[in-house]
Amino acid sequence: MGSGAYADTIKIGVVGPFSGPFALQGKNFKAGIDAYMAMNGATIGDDTVEIIYRDLPAADPAQSKALAQELVVKEKVQYLAGFYFTPDAMAATPILKQANVPLIVMNAATSAIVTKSPLVVRTSFTTWQTSTPIAKVAHDAGVAKVISIVSDYGPGIDAENAFKAGFEKEGGAVVEAIRMPLSTNDFSPIMQRIKDSGAQGVFAFLPSGPTTLGFVKAFNENGLKSGGTKFFAPGDLTQESDLLALGDAALGIQTTFHYAVSHDSPENKAFVEAASKAIGNPAELSFPSVGAFDGMNVIYKMIEATGGEQDAQKAVDAVKGLSWVSPRGPVSIDPESRHITQNIYLR
Ligand code: PHB
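Counting from 1, position 157 in the sequence shown corresponds to residue 146 in our numbering; the numbering is continuous, with no gaps.
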């Protein structure tokens, strides 16, 4: 355990999908973490940082809690981080207080996660942030009627509500709102419902991975795109690592998001260089890498502020209001909500 005056190893437990259909998303966590440590070193003062990874291939709250507990009790990690899916992040929050461990959410995007414990800090995004501005884009494109389609769990429901609120404010109407099970992989029946709805545009949210790739392909293959239906979404739907597989199917889709690999800034250039090296194939880079990179920045500040001591509340308090220039642009940690405040870009 840390005592400031002695050299310690500070362990960070990272939970994410490192195998299975979402393995590329976990690989991006690791690339972001590796890039941060390559650029900033593995030591803070006298203390050395060690990352311990745990694989959680799919949304599985019970397993997430078990892994978080094991990391805290057996590995004695001082920080928990990662968490791709919302239910997994939620499930780990009840153990934080007693364990005296902060949790840094590097991807999960449901707004309510930060309310589950005062020891949660988010460096990813919320689907409220990413799905609100696309409503104005849809309205400005001359679309009056939209059908909304989301995965039926936290970030999908937040996305549906955010889009609807934004679109109605612009004077548009959501003519139908479909929530489909997270496990859905045959999208043909949904495509038929889009055709039947009479909507001029689709708003959609699904978690990035094979899900989004399948959905966008189905939109194309079922003749929605050629039939003139417009497609609006948060950037999860066209993550950069899917673009090669999507090809022309991605053309014309408008998305709003907190990050683009192509973001033009010196900070992003340095990040993409280091993260590309870490991931091996630059075409595999996607947004979870920047959530992880910025998550490491927050953890390093926490370690600095506590002098390596294990004091979760002091660590979290130290980053309230923290601002820095991320590869995604200027960001800060909101002192009240512990969400990240950031720009949202039209892509
Ligand atoms: C989530 O489960 O919160 C989640 C997962 C993948 C995304 C966005 C949100 O692309």
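Note that the Cβ used here is the ideal one computed from N, Cα and C, for glycine as well.
Residue of 202, 246, 152 and 255 minimising C-alpha distance to residue 397: The question about residue 397 has no answer here: the residues shown for the chain are numbered -10 through 336.
heavy atom of ligand 1 below 7 Å from residue 150 C-beta: Here residue 150 refers to the residue found at position 161 when the sequence shown is read from its first residue. No; taking the cut-off as 7 Å, the Cβ of residue 150 has no heavy atom of ligand 1 nearer than that.
Heavy atoms of ligand 1 versus C-beta positions, residues under 5 Å: 74, 75, 97, 98, 144, 196, 197 and 225
With 16 other Cβ atoms within 10 Å as the buried cut-off, status of residue -8: Translated into positions along the sequence shown, residue -8 becomes position 3. Residue confidence for residue -8 is low, a pLDDT of 45 falling below 50, so the modelled location carries little weight; the figure read from the coordinates is stated next. It is exposed - the Cβ of residue -8 has fewer than 16 other Cβ atoms within 10 Å.
Proximity below 8 Å, CB of residue 91 to CB of residue 301: Residue numbering aside, residue 91 sits at position 102 when the sequence shown is read from its first letter. Residue numbering aside, residue 301 sits at position 312 when the sequence shown is read from its first letter. Yes; because the gap between Cβ atoms is below 8 Å, this pair is in contact.
CA-to-CA distance, residue 0 to residue 58, given in whole angstroms: On the sequence shown, position 69 is the one that residue 58 refers to. On the sequence shown, position 11 is the one that residue 0 refers to. Approximately 14 Å, taken between the alpha carbons.
Endpoints, beta strand (DSSP E) assigned at residue 140: As a working mapping, residue 140 is identified with position 151 in the sequence shown. It spans 134 to 140 - the beta strand (DSSP E) in which residue 140 sits, taken as one unbroken run.
Alpha-carbon spacing of residue 284 relative to residue 253, whole angstroms: Here residue 284 corresponds to residue number 295 of the sequence shown, with the count starting at 1. Here residue 253 corresponds to residue number 264 of the sequence shown, with the count starting at 1. Rounded to whole angstroms, residue 284 to residue 253 spans 21 Å at the Cα level.
Exposed unless 16 or more other CB atoms sit within 10 angstroms - verdict on residue 161: Working through the sequence shown from its first residue, we reach residue 161 at position 172. Per the 10 Å Cβ criterion, buried.
Per-residue DSSP class, three states only, for residue 324: Position 335 of the sequence shown holds residue 324. Residue state, collapsed to three classes: coil.
Cβ pair residue 33, residue 210 closer than 8 Å: Locating residue 33 in the sequence shown gives position 44, counting from the first residue. Locating residue 210 in the sequence shown gives position 221, counting from the first residue. It is not a contact, given that the beta carbons lie outside the stated cut-off.
Residue burial classification, residue 205 (beta-carbon count within 10 angstroms, cutoff 16): As a position in the sequence shown, residue 205 is number 216, starting the count at 1. That one is buried.
Straight-line gap, residue 243 to residue 199 (C-alpha atoms, nearest Å): For the purposes of this step, residue 243 is taken as residue 254 along the sequence shown, with counting starting at 1. For the purposes of this step, residue 199 is taken as residue 210 along the sequence shown, with counting starting at 1. The straight-line gap from Cα to Cα measures roughly 19 Å.
Cα-Cα separation between residue 69 and residue 298, rounded to whole angstroms: To locate residue 69, count along the sequence shown from 1; it is residue 80. To locate residue 298, count along the sequence shown from 1; it is residue 309. Each residue's Cα considered, the two are about 15 Å apart.
Closest by C-alpha distance to residue 212, when choosing among 63, 11, 182 and 315: Your numbering for residue 212 matches position 223 in the sequence shown. The candidate whose alpha carbon is nearest that of residue 212 is 182.
Identity of the residues DSSP links to residue 312 by a beta bridge: One-based indexing of the sequence shown puts residue 312 at position 323. Looking at the DSSP assignment, residue 312 forms a beta bridge with 321.
Rounded separation between residue 120 and residue 35 - CA only: Locating residue 120 in the sequence shown gives position 131, where the first residue counts as 1. Locating residue 35 in the sequence shown gives position 46, where the first residue counts as 1. Their backbone Cα atoms lie some 43 Å apart in a straight line.
Contact set for residue 110: own chain, Cβ-Cβ below 8 Å, skip 5 residues either direction: Translated into the one-based positions of the sequence shown, residue 110 becomes position 121. These residues qualify, in order along the chain: 91, 92, 93, 94, 103, 287, 305, 308, 322 and 327.
Nearest candidate by alpha-carbon position, reference residue 88, set 7, 77, 261 and 60: Working through the sequence shown from its first residue, we reach residue 88 at position 99. With distances taken between Cα atoms, residue 88 lies closest to 60.
CA-to-CA distance, residue 248 to residue 237, given in whole angstroms: Position 248 of the sequence shown holds residue 237. Position 259 of the sequence shown holds residue 248. Going by the C-alpha atoms only, they are around 21 Å apart.
Whole runs of the alpha helix (DSSP H) within the region 184 to 238, excluding any shorter than 4 residues: 199 to 210 and 232 to 235
Coil, strand or helix - residue 243 by DSSP: Here residue 243 refers to the residue found at position 254 of the sequence shown. Residue state, collapsed to three classes: strand.
Cβ-based burial, residue 266 [other Cβ within 10 Å; buried from 16]: If you number the sequence shown from 1, residue 266 lands on position 277. By the 10 Å Cβ count, residue 266 comes out exposed.
Inter-residue spacing [alpha-carbon to alpha-carbon] between residue 11 and residue 47: Position 22 of the sequence shown, counting from 1, holds the residue named residue 11. Position 58 of the sequence shown, counting from 1, holds the residue named residue 47. Computed Cα separation, rounded: 7 Å.
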